[in-house]
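S.K.:
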Amino acid sequence: MKTVTVLYTADSRHNNKEMIGIFTTKGNAIKAAGEKAAQEDEKISDDDLYNLERINQTQGYMGFGEFMIEEVELNRLQ
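Shown next, in the form of structure tokens:
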């Protein structure tokens, strides 16, 4: 089973989301979230990193909205 990891920004309720990028690993997606936060002159906290790793989303990110991660299996109907 091959998967990719999709990184999004979302509103605080995690309803409306906008794709930031597609990555080969969850680690790469989390690193990209940190880079995106830096572009917004924000710093992603250790709690944010922990939540991205464990529950695939931030909660209370200091920047605009939140980050979300989805792992998607390739070549499979949804």
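All residue numbers for the sequence shown refer to this note's numbering, where the first residue is -17 and numbers rise by one. Positions of the beta carbon are idealized from the N, C-alpha and C atoms, including for glycine.
#1: Closest to Tyr(-10) by CA distance: which of Gly42, Glu0, His(-4) is it?
#2: Just mark Leu56 as buried or exposed, buried being the case when its beta carbon has 16 or more other beta carbons within 10 Å.
#3: Run the CB neighbour count on Leu34, radius 10 Å, all protein chains shown included, and call it buried at 16 or more, exposed below.
#4: Would you kindly check if the distance between the Cβ of Ala14 and the Cβ of Gly3 is under 7 Å?
#5: With 16 other CB atoms within 10 Å as the buried threshold, where does Ile37 fall?
#6: Count the other CB atoms, across all protein chains shown, that sit within 10 Å of the CB of Met50; report buried if there are 16 or more and exposed otherwise.
M.R.: Well, looking at it:
#1: The shortest C-alpha separation from Tyr(-10) is found at Glu0.
#2: Label assigned to Leu56: exposed.
#3: buried
#4: Yes, the Cβ-Cβ distance between Gly3 and Ala14 is below 7 Å.
#5: exposed
#6: buried
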